[in-house]
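Everything on this sheet refers to the single structure shown next.
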Amino acid sequence: MNKTFSLYRLQLLDTQRIQRLKRIRFIDQTIASDKALMKARRIVEKAAREHAQSESAVNEIQRKVEEKTLKLKLTQSKLFGGKISNTKELQDLQAESEALTRNIKKLEEEHFQALEIAEKTQAILKRAESNLQSIIDEKATENSLLLGEREKLLGQLPKINSQREALRAQLDPSTLEEYSKLFKNKAGLAVVEIVDDACKACGVELSPSEIQQAARPEVLLKCKSCGRILYKPDISSKKTDNQS
Ligand SMILES: [Zn+2]
32 MNKTFSLYRL QLLDTQRIQR LKRIRFIDQT IASDKALMKA RRIVEKAARE
82 HAQSESAVNE IQRKVEEKTL KLKLTQSKLF GGKISNTKEL QDLQAESEAL
132 TRNIKKLEEE HFQALEIAEK TQAILKRAES NLQSIIDEKA TENSLLLGER
182 EKLLGQLPKI NSQREALRAQ LDPSTLEEYS KLFKNKAGLA VVEIVDDACK
232 ACGVELSPSE IQQAARPEVL LKCKSCGRIL YKPDISSKKT DNQS
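If you want our numbering, it's the position in the sequence shown, counting the first as 1, plus 31.
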């Protein structure tokens with residue numbers, strides 16, 4: 032058994048495992064947070080509040096118009112009813128009638144303006160609601176894609192794990208410990224290939240005797256510059272190297 036080849040394979044499996052676990056975690060976080068959706072919901076809530084306010088302003092003015100109109104009718108029926116003959120009283124009724132008419136006219140203008148505002152807030156609300164709906168639809172597709180991906184990744188883990196365990200069982204504890212330390216300290220790159228007689232990670236050139244040593248199955252040769260375990264790919268496995 033070639034020790035460095037086993038370690039190289041183990042590193043590949045460890046990397047695949049970590050990548051899948053990271054992606055699964057990312058998917059879980061993405062689905063849980065949904066920031067765009069929360070923002071769209073808040074916008075709809077705000078627009079709904081503003082539209083409700085503008086509608087109640089319209090109703091309030093409408094109520095006042097009706098109230099004043101009724102009062103005007105009463106005043107005018109007194110004024111023209113023929114029951115009152117006192118000039119002062121008639122003059123007062125006339126003045127009141129005129130004041131009410133002016134008041135109603137002013138309220139009607141306000142009513143018109145309030146209606147315009149309500150129309151605008153309604154349009155804003157409609158736009159916000161349709162935006163929210165499209166985000167909900169979009170998220171449903173996106174989430175189902177993500178959940179599908181998650182399931183696929185999760186399904187790949189048992190095979191990776193069992194291959195990992197089988198490889199680890201073949202290696203002695205001290206080699207495994209050394210590898211684990213390097214894997215942690217060298218950002219997941221503990222074992223590196225020798226490419227063109229140099230360390231693939233740091234590029235330092237290796238002497239012919241070092242290359243010979245690295246090719247021996249039982250030797251763990253480390254790069255004198257970066258400290259990683261050097262792996263001399265077999266000629267028979269060369270065809271898969273450096274192609275991706
Ligand atoms: Zn190196």
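Every residue, glycine too, gets a C-beta built ideally from N, C-alpha and C.
Would you report the Cα separation of GLU147 and ILE55, rounded to the nearest angstrom?
As a working note, residue 147 is residue 116 in the sequence shown. As a working note, residue 55 is residue 24 in the sequence shown. Approximately 51 Å between the Cα atoms of the pair.
Proximity of ALA71 and ASN162 at Cβ, strictly below 9 Å
On the sequence shown, residue 71 is found 40 positions in, with the first residue counted as 1. On the sequence shown, residue 162 is found 131 positions in, with the first residue counted as 1. Yes; because the gap between Cβ atoms is below 9 Å, this pair is in contact.
For the putative contact between LEU68 and ILE191, defined by C-beta atoms under 8 Å, what is the C-beta separation to the nearest angstrom?
Indexing the sequence shown from 1 puts residue 68 at position 37. Indexing the sequence shown from 1 puts residue 191 at position 160. At roughly 33 Å, the Cβ-Cβ gap does not stay under 8 Å, so LEU68 and ILE191 are not in contact.
Distance CB(THR46)-CB(GLY219) smaller than 9 Å:
What you label residue 46 is simply residue 15 of the sequence shown in a count that begins at 1. What you label residue 219 is simply residue 188 of the sequence shown in a count that begins at 1. Cβ distance < 9 Å, so THR46 and GLY219 count as in contact.
Where LYS95 sits in the DSSP three-state scheme:
To locate residue 95, count along the sequence shown from 1; it is residue 64. Helix, per DSSP.
Just grab the DSSP bridge partners of CYS230 for me.
For the purposes of this step, residue 230 is taken as the residue at position 199 of the sequence shown. ILE225.
On a CA-only basis, which of ALA130, ARG181, ASN216, VAL235 is nearest THR100? Give me that one, please.
As a first step, residue 100 must be located in the sequence shown, where it is residue number 69. Among ALA130, ARG181, ASN216, VAL235, the Cα nearest to that of THR100 belongs to ALA130.
Per-residue burial, GLU196 [other beta carbons within 10 Å of its own, 16 or more giving buried]:
To locate residue 196, count along the sequence shown from 1; it is residue 165. So GLU196 counts as exposed.
Neighbourhood of GLU236 by C-beta, 7 Å cutoff - its chain only, sequence neighbours within 5 removed:
On the sequence shown, residue 236 is found 205 positions in, with the first residue counted as 1. Around GLU236: ASP228, ALA229.
Using beta-carbon positions only, say whether ILE135 and LEU124 come within less than 9 Å of one another.
Here residue 135 refers to the residue found at position 104 of the sequence shown. Here residue 124 refers to the residue found at position 93 of the sequence shown. In this structure, LEU124 does not lie closer than 9 Å to ILE135 by Cβ.
Look at LEU213 and ALA221 and say whether their C-beta atoms are less than 9 Å apart.
As a position in the sequence shown, residue 213 is number 182, starting the count at 1. As a position in the sequence shown, residue 221 is number 190, starting the count at 1. Cβ atoms of LEU213 and ALA221: closer than 9 Å.
Member of LEU105, VAL75, LEU198, SER256 whose CA lies at the smallest distance from the CA of SER128
Looking up residue 128 in the sequence shown gives position 97. The shortest C-alpha separation from SER128 is found at LEU105.
Could you please give the first and the last residue of the uninterrupted alpha helix (DSSP H) stretch that includes LEU156?
Taking the first residue of the sequence shown as position 1, residue 156 is located at position 125. 118 to 201 is the span of the alpha helix (DSSP H), which, as asked, contains LEU156.
Can you determine whether any heavy atom of ligand 1 sits closer than 8 Å to the C-beta of VAL235, and answer yes or no?
As a working mapping, residue 235 is identified with position 204 in the sequence shown. True, at least one ligand heavy atom lies under 8 Å from that Cβ.
For LYS255, count neighbouring Cβ atoms within 10 angstroms of its own Cβ and tell me buried if that reaches 16, exposed if not.
Taking the first residue of the sequence shown as 1, we reach residue 255 at position 224. Its Cβ having fewer than 16 others within 10 Å, LYS255 is exposed.
Measuring alpha carbon to alpha carbon, tell me which residue in SER175, ASN33, ARG48 is nearest LEU184.
Counting from one through the sequence shown, the residue named residue 184 turns up at place 153. The shortest Cα separation from LEU184 among SER175, ASN33, ARG48 belongs to ARG48.
Hey, would you say the C-beta of GLY258 is under 8 Å away from at least one heavy atom of ligand 1?
The residue given as residue 258 occupies position 227 in the sequence shown. Within the cutoff, so yes.
Heavy atom of ligand 1 within 8 Å of VAL232 beta-carbon:
Indexing the sequence shown from 1 puts residue 232 at position 201. One detail in the question is off: residue 232 reads as Ala in this sequence, not Val. True, at least one ligand heavy atom lies under 8 Å from that Cβ.
Can VAL250 be considered in contact with ligand 1, in the sense that its beta carbon sits closer than 8 Å to one or more heavy atoms?
Indexing the sequence shown from 1 puts residue 250 at position 219. It does not: the Cβ of VAL250 is nowhere closer than 8 Å to a heavy atom of ligand 1.
Between the beta-carbon of VAL89 and the beta-carbon of ALA154, is there less than 9 Å?
Translated into positions along the sequence shown, residue 89 becomes position 58. Translated into positions along the sequence shown, residue 154 becomes position 123. No, they are not a contact pair.
Whole angstroms is fine: what's the gap from LYS269's alpha carbon to LYS217's?
Stepping through the sequence shown from its first residue, residue 269 is reached at position 238. Stepping through the sequence shown from its first residue, residue 217 is reached at position 186. Note that LYS269 scores a pLDDT of 45, beneath 50, so its modelled location is shaky; the value from the coordinates is reported in the next line. Spanning the two alpha carbons is a distance of roughly 25 Å.
Could you give the C-beta distance for LYS231 and ALA246, rounded to a whole number, given that I count them as a contact under 8 Å?
Position 200 of the sequence shown, counted from the start, is the residue given in the question as residue 231. Position 215 of the sequence shown, counted from the start, is the residue given in the question as residue 246. Not quite, the Cβ-Cβ distance comes to about 15 Å (not below 8 Å), so this is no contact.
Using DSSP with H/G/I as helix, E/B as strand and the rest coil, what is LEU207?
Within the sequence shown, numbered from 1, the residue matching residue 207 stands at position 176. Here LEU207 sits in helix by DSSP.
For ALA126, count neighbouring Cβ atoms within 10 angstroms of its own Cβ and tell me buried if that reaches 16, exposed if not.
Locating residue 126 in the sequence shown gives position 95, where the first residue counts as 1. The residue is exposed, with fewer than 16 neighbouring Cβ atoms inside 10 Å.
Per DSSP, LEU261 forms a beta bridge with which residues?
Residue numbering aside, residue 261 sits at position 230 when the sequence shown is read from its first letter. VAL223.
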